[in-house]
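Okay, structure first, notes after.
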Amino acid sequence: MKILSDTEALSAFIDLDLTKAQYMYLKNLTNERKCCIFPPYYKIQEIKRSCYPPSCTIEITNTYAKVINIQDLLDHTAARILKIDSVFQKQHRSLILYCKWGCDGSSGQSQYKQILAEESETISDANLFITSLVPIRLVDVQSGSVVWQNPIPSSVRCCRPISHNRDYSQTVVEREEKAAFQLIHLSRMKLKKNPGKENAKS
0 MKILSDTEAL SAFIDLDLTK AQYMYLKNLT NERKCCIFPP YYKIQEIKRS CYPPSCTIEI
60 TNTYAKVINI QDLLDHTAAR ILKIDSVFQK QHRSLILYCK WGCDGSSGQS QYKQILAEES
120 ETISDANLFI TSLVPIRLVD VQSGSVVWQN PIPSSVRCCR PISHNRDYSQ TVVEREEKAA
180 FQLIHLSRMK LKKNPGKENA KS
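Mapped onto numbering that gives the first Met the number 0, the consecutive letters of the sequence shown carry residue numbers 0 to 201.
As structure tokens, this is what we get:
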């Protein structure tokens with residue numbers, strides 16, 4: 000019996016909304032019946048961490064979490080897509096990654112008794128404002144063919160958070176302008192999959 004790859008196991012872990020205890024229960028249950036198809040849990044943790052941008056590109060405080068540079072998030076997203084077998088095996092030299100981005104906010108979220116040192120009229124657990132992007136498709140520049148297509152572009156699973164903020168002191172327009180400024184000034188990403196082979200750009 001073939002063991003699940005780390006990526007397949009993580010996909011099942013997320014799809015079934017499993018806890019660590021539930022995953023270990025399934026793993027031990029199948030192992031007892033000599034159907035060892037689940038990799039060790041630490042492998043799930045490792046592959047999950049690889050889905051995140053490098054920690055040095057993320058800033059986290061009591062009131063917000065954000066990617067410091069959207070370029071880093073896009074580069075990481077493009078690199079992850081290029082690791083998909085169906086994409087990796089194709090011989091494309093120049094690719095364009097199309098994405099969509101947007102933001103949304105809400106108030107009236109659950110409030111907790113623990114008070115933040117930064118809490119004020121505009122900073123509160125009750126407020127939430129999120130900016131995110133979603134990869135849509137990867138297209139070959141020369142032929143115009145679609146190399147990769149996001150099958151669920153409206154799913155939260157495909158959202159790449161840019162920022163998660165509880166501070167309402169800035170207006171929606173100000174937040175949009177900040178993100179738009181970075182997006183306008185994006186640069187090409189060059190990635191060598193194998194020596195002498197293709198480069199890709201986002």
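Ideal Cβ placement from N, Cα and C applies to all residues, glycine included. From a predicted model like this one, the values you see are computed outputs, not experimental measurements.
Burial state of residue i (16 or more Cβ within 10 Å)
{"i": "T60", "result": "exposed"}
{"i": "D16", "result": "exposed"}
{"i": "I244", "result": "No information on residue 244 is available, as it lies outside the stretch 0 to 201 that the chain covers here."}
{"i": "S131", "result": "buried"}
{"i": "V140", "result": "exposed"}
{"i": "L96", "result": "buried"}
{"i": "L202", "result": "An answer regarding residue 202 cannot be provided, because it is not within the stretch 0 to 201 covered by the chain."}
{"i": "R187", "result": "exposed"}
{"i": "R32", "result": "exposed"}
{"i": "V155", "result": "exposed"}
Contact under 8 Å by Cβ, residue i with residue j
{"i": "T76", "j": "P134", "result": "yes"}
{"i": "C102", "j": "V146", "result": "no"}
{"i": "N149", "j": "C157", "result": "yes"}
{"i": "Y40", "j": "M23", "result": "yes"}
{"i": "V66", "j": "I161", "result": "yes"}
{"i": "L127", "j": "S153", "result": "no"}
{"i": "R165", "j": "Y51", "result": "no"}
{"i": "L94", "j": "K47", "result": "no"}
{"i": "C35", "j": "I13", "result": "no"}
{"i": "W100", "j": "A178", "result": "yes"}
{"i": "I129", "j": "H91", "result": "no"}
7 Å Cβ shell around residue i - same chain, five flanking residues per side excluded
{"i": "K26", "result": "F37"}
{"i": "S4", "result": "none"}
{"i": "D18", "result": "The residue asked about is misnamed: residue 18 is Thr in this sequence, not Asp. Closer than 7 Å at the Cβ level, and outside the excluded window around T18, lies no residue."}
{"i": "T6", "result": "I46"}
{"i": "K89", "result": "V146"}
{"i": "I83", "result": "W147"}
{"i": "E197", "result": "Unreliable placement is indicated for E197, whose pLDDT of 40 sits below 50; no coordinate value is reported for it."}
Under the three-state DSSP convention, the category residue i falls into
{"i": "Q148", "result": "strand"}
{"i": "L17", "result": "coil"}
{"i": "N30", "result": "helix"}
{"i": "H91", "result": "coil"}
{"i": "S105", "result": "strand"}
{"i": "I57", "result": "strand"}
{"i": "E197", "result": "Any reading at E197 needs caution, since the residue's pLDDT is 40, under 50, leaving its predicted position unreliable; the model's value is listed next. Of the three classes helix, strand and coil, the one that applies to E197 here is coil, per DSSP."}
{"i": "R159", "result": "strand"}
{"i": "L81", "result": "helix"}
{"i": "I36", "result": "coil"}
{"i": "S153", "result": "coil"}
{"i": "I2", "result": "coil"}
{"i": "V172", "result": "helix"}
{"i": "M188", "result": "coil"}
Cβ-based neighbour list, residue i, same chain, cut-off 8 Å, excluding 5 preceding and 5 following
{"i": "L185", "result": "I69, Q70, L73 and S201"}
{"i": "S85", "result": "W147"}
{"i": "P53", "result": "D71 and H75"}
Bridge partners - residue i, DSSP secondary structure assignment
{"i": "D139", "result": "L94"}
{"i": "N164", "result": "Y63 and F128"}
{"i": "P134", "result": "C98"}
Own chain residues within Cβ distance below 6 Å of residue i, not counting five before or after
{"i": "F180", "result": "none"}
{"i": "R136", "result": "Y97, V145 and Q148"}
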